[in-house]
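Protein chains: 2
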Amino acid sequence: MDAYNYIKEAIIHGKYEPGMRLGEEFLAKELKLSRTPIREAIKQLESEGLVTPLKRGVSVRHFTREDIQQIYDLRTLLEGYAASQAALHRTEEDIQKIKKANARYEEAIERYQEKDMNSIKEIVNFNQQFHEAIISACKNPHIYFHLSKVVVVPLVFRSFYWYNSFELKRSLEVHKTILLAIQSQDSERARVAMTEHIYQGRDQVLAHLDEIKKIHVLKEDSQ
Amino acid sequence: MDAYNYIKEAIIHGKYEPGMRLGEEFLAKELKLSRTPIREAIKQLESEGLVTPLKRGVSVRHFTREDIQQIYDLRTLLEGYAASQAALHRTEEDIQKIKKANARYEEAIERYQEKDMNSIKEIVNFNQQFHEAIISACKNPHIYFHLSKVVVVPLVFRSFYWYNSFELKRSLEVHKTILLAIQSQDSERARVAMTEHIYQGRDQVLAHLDEIKKIHVLKEDSQ
DNA sequence: AATTAACGCTTTGTATACAAACAGTCAATG
DNA sequence: CATTGACTGTTTGTATACAAAGCGTTAATT
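Chains A and B, in that order, are what the protein sequence lines are. If you're matching positions, the first sequence starts at 1 in this note's numbering and goes up one per residue. If you're matching positions, the second sequence starts at 224 in this note's numbering and goes up one per residue.
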């Protein structure tokens, strides 16, 4: 794995906590690389907004309540639109992909063990596949490109950390509603259901924002 | 000016044409720098989508008709939303800023000389200030952040290259309509007017897409 | 005692050297 | 004649060395 993805994952999973300073030398040692590739990775992360520039170096970005409100407003707008367009332009193949992702999501939820990192990673991953399948079904690759930067994965990951079994199942049901709307080309319903779904995710993030600053990464988690 | 901005400007103004390969060594000579800072700049431009990765190195991104359609769809969605929110949340100060930008825009249009690069640059610049003033009036800095990446400046620049005096004045009138709607907190009107305005810009780009591949950068333009 | 100047240490920015990967060419072989 | 293989030159990827800029601490002066 290259420097960019390594650092990104570390931020997503909370290994590098919000506010933590990321010195080049430090990262170079951590990844056993020289500073050159590290610097390039940092530049990219900076342009995505995952780290914020300091007077010297960067630190892991910290998101305030207000940030989260605003980011999710943006996300509902874009992903709601994507869902509505997907309903209009989806092919049979798109539908199969969405179904498949959601089936895997369902399986992962059944296997779910509270607060187990690998279990969460799995769920987050299939959830992401579901959303991405819809976004790519809208036939506007530029939406996909930009949404992948709007969706701040650390926040999504945190929201799943706090889901309980019931909430996961509810989220699964909403996924099914969205799928059905897209399948039956009901674009407005798809938009509204997606919008509501994302707002629920936002509420989850906001509800648990203060509880801990860091999700503890367990030993057995690091491969 | 740093490597990133230099290359970006060169792409915007057509000095580096779409499809042109940008080798590190070449850019290093051009900017009289070593490859190290060049590479960092390229990584950033890549993550913004201004250049596309090749098997080896990158080339200046070429936008197809379809790309332009899709990008502008996205832009209307976001900037239409921004205008509607600006209408709801604008302060008196915001209005003054928008007015001021538009006044300068008007002056620049009066001074306009067809196909003169500096004249166009000036107009593009004040137009941008107008749009940015509205976006920042919507009080969601994340929208600003992402819109600045959605709005592909090379395309905007090209569209202005082809505007004639009449079209510029019409665009000015639409600006005034948008301003009025924001001032009177008519959010839906602001959204619709902005959306229409951007679609007009898109039509302009599409209409002249084939005419030339490159806008010739005049000697006296390079400072 | 407080303010500032200067020094040294840490960290980032840039250049250069070297290693690795890729593309194109030419020759050998079926 | 086409296809494959090795060779060569070019370009990117990484490491390291050095330059420049920031920050903290200490010492000197008021």
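Every residue, glycine too, gets a C-beta built ideally from N, C-alpha and C.
Selection from the options that minimises the alpha carbon distance to residue i
i	options	result
B/L429	B/Q292, B/Q267 and B/A413	B/Q292
B/K344	B/Y384, B/E330 and B/I318	B/Y384
A/H62	A/R90, A/A108, A/G14 and A/A28	A/G14
B/D317	B/H354, B/L300, B/D290 and B/S342	B/H354
B/G242	B/Q406, B/V379 and B/L277	B/L277
B/Q406	B/L432, B/K320, B/V379 and B/S394	B/K320
A/V156	A/N102, A/H208, A/P141 and A/Y144	A/H208
B/N387	B/A326, B/K322 and B/E333	B/E333
B/K362	B/Q308, B/N350 and B/A404	B/Q308
A/V150	A/S47, A/H89 and A/F126	A/S47
A/N127	A/A3, A/H89, A/K115 and A/K176	A/K176
B/R327	B/D296, B/Q352 and B/L297	B/Q352
A/I42	A/N5, A/L172, A/I12 and A/V124	A/N5
B/I346	B/S382, B/L300, B/T299 and B/M224	B/S382
B/Q427	B/R288, B/L297 and B/E330	B/R288
A/E106	A/R170, A/D210, A/V58 and A/G80	A/R170
B/L391	B/N325, B/Y304 and B/D433	B/N325
B/L395	B/H312, B/A331 and B/I235	B/A331
A/R202	A/D67, A/E188, A/R56 and A/N125	A/D67
Cut-off 8 Å between Cβ atoms - residues of its own chain near residue i, not counting five sequence neighbours on either side
i	result
A/I178	A83, I134, A190, A193, M194 and H197
A/R39	E24
A/V174	A193, E196, H197 and Q200
B/Y239	I230, A233, L245 and V283
B/V375	G272, L273, F286 and I294
B/T314	A360
A/L74	V150
A/A3	L27, L31, L33, P37, I38, E40 and A41
A/L147	R75, L78, E79, A82 and I135
B/H312	A360, C361 and K362
Extent of the continuous alpha helix (DSSP H) to which residue i belongs
i	result
B/S394	S388 to Q406
A/S136	M117 to A137
Bounding residues of the beta strand (DSSP E) (the contiguous stretch that carries residue i)
i	result
A/T52	V51 to P53
Which of helix, strand or coil DSSP assigns to residue i
i	result
B/V415	helix
A/Q200	helix
B/V375	coil
A/Q113	coil
B/T314	coil
B/H198	A query on residue 198 of chain B cannot be resolved here, the shown segment of chain B reaching from 224 to 446 and no further.
B/W385	helix
B/N363	coil
A/N5	helix
A/D221	Only weak support exists for where A/D221 lies, its pLDDT of 40 falling under 50; the value from the coordinates is given anyway. Looking at A/D221 - three-state DSSP - the assignment turns out to be helix.
Sequence-distant residues of the same chain with beta carbon closer than 7 Å to residue i, five excluded per side
i	result
B/D409	A310
A/A28	S34, R35 and I38
B/S359	Y367
B/K323	none
Close Cβ partners of residue i (< 6 Å) along its chain, the five nearest in sequence each way excluded
i	result
B/L268	V274
B/S342	Y335 and Q336
A/K115	none
A/I12	V153, P154 and F157
- Residue ranges of each beta strand (DSSP E) within the stretch 236 to 295 of chain B, 3 or longer: 274 to 276 and 281 to 283
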